[in-house]
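Positions 7 to 228 (the working numbering) are the ones given, in order, by the sequence shown.
No residue lacks a Cβ here, since even glycine has one placed at the ideal position from N, Cα and C.
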Amino acid sequence: MDWQAFTISFQLGLATVAVLLPLGVLVGRWLAYSEFRGKAFVETLFALPLVLPPTVLGYYLLVAFGKASPLGQVWASLTGNSLVFSFEGLLLASIIVNLPFAIQPMQRAFEAIPQDVRDAASVSGLTALAALRRIEIPLAWPGILTGLTLTFAHTLGEFGVVLMVGGSIPGETRTAAIAIYDRVQAFDERGAGLMAAVLLVISLLALGFTAMLSRKAGGRRG
7 MDWQAFTISF QLGLATVAVL LPLGVLVGRW LAYSEFRGKA FVETLFALPL VLPPTVLGYY
67 LLVAFGKASP LGQVWASLTG NSLVFSFEGL LLASIIVNLP FAIQPMQRAF EAIPQDVRDA
127 ASVSGLTALA ALRRIEIPLA WPGILTGLTL TFAHTLGEFG VVLMVGGSIP GETRTAAIAI
187 YDRVQAFDER GAGLMAAVLL VISLLALGFT AMLSRKAGGR RG
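Below is the structure:
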């Protein structure tokens, strides 16, 4: 069992969730409450990682993060290191890949809040920030937790983008999914099977948790 690879995966998952929690809430709320020209395009753009093949997305991110790119050059000038094949680059790629997993459930949760509830908060004199903190987030929390759970589970199992952007550097970018692939390549079926079983259990728990949250949210709306 490659516990180091699992540690990298959990660190990547937690860091991705930490970034996408405020980002998902803000973007999800904005998309839920705003109507503007081009909204459908913006929603499509955020959903793009769901349909793009991971190797295609990974290739574009590899080009965008490379030393020849503006972002890669800025990163190299600030840190002296390359953004690709580093944990920082892997984290940035993970955030981009997981945008739809975080934003879409949160957007649907905010959309489910009745308009009269938000109107009552405004009439009561609550600022937008106070209404978000005291009313909207407590009502939307099942969707928020669903987005975070799906983000974490997807991060643990992501393979194509991780391999393209991070490679397989032990102790830095070699995640559990990459370690399973390496073990299969080395004909270590027992090791690959054990690690795959752990990810399977985590995925089942994540799906069960999101299903429970969906039922709870549905019961509240009912």
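Among the options, which residue has its Cα nearest to the Cα of residue i?
i    : options                   : result
R35  : F165, A137 and D188       : A137
Y159 : V48, A192 and S15         : In the sequence as displayed, the identity of residue 159 is Ala instead of Tyr. Considering only alpha carbons, the answer is S15.
A115 : E41, V31, A53 and L135    : V31
G173 : D122, Q113 and L89        : L89
P144 : I175, S128, V171 and M112 : M112
G149 : F215, G177, E94 and V190  : F215
T1   : Q10, G166, A46 and W147   : Past the edges of the chain, shown from 7 to 228, lies residue 1, and the structure says nothing about it.
L68  : G177, F91, S130 and S128  : F91
F93  : K73, E178 and E195        : E178
V57  : V103, V123, F193 and W9   : V103
L63  : A126, K73, V171 and R124  : V171
If I measure Cβ to Cβ from residue i and keep anything under 7 Å in the same chain, skipping five residues before and after, which residues do I get?
i    : result
L97  : L18, A21 and T22
R180 : A11, I14 and S174
A134 : none
Would you please state the rounded distance, in angstroms, between the beta carbons of residue i and residue j? I believe it to be under 8 Å.
i    : j    : result
T152 : L219 : 5 Å
I184 : V168 : 6 Å
P106 : F52  : 6 Å
I109 : V33  : 5 Å
I119 : A99  : At roughly 32 Å, the Cβ-Cβ gap does not stay under 8 Å, so I119 and A99 are not in contact.
A182 : L162 : 6 Å
A212 : T155 : 5 Å
V190 : A203 : Rounded, the Cβ-Cβ distance is 14 Å, inconsistent with contact.
Between which residues of its own chain and residue i is the CB-CB distance below 6 Å, once the five residues before and five after are set aside?
i    : result
M7   : L200
R140 : none
L1   : Any answer about residue 1 is impossible in this case: the structure gives the chain only from 7 up to 228.
So what does DSSP say about residue i, is it helix, strand or coil?
i    : result
E164 : coil
S83  : helix
E94  : helix
E229 : For the chain, the structure presents residues 7 to 228; residue 229 sits outside this window and is missing.
F245 : Residue coverage of the chain in this structure runs from 7 to 228, which leaves residue 245 outside it and unanswerable.
M201 : helix
M170 : helix
D188 : helix
E178 : coil
Apart from the five residues on each side of it in sequence, which residues of its chain come closer than 8 Å, Cβ to Cβ, to residue i?
i    : result
L77  : A70, F71 and L89
L3   : Absent from the structure is residue 3, since the part of the chain shown begins at 7 and ends at 228.
S128 : A137
For this session: List in chain order: all unbroken alpha helix (DSSP H) runs of 4+ residues lying wholly within the stretch 118–160.
Result: 121–129 and 134–137
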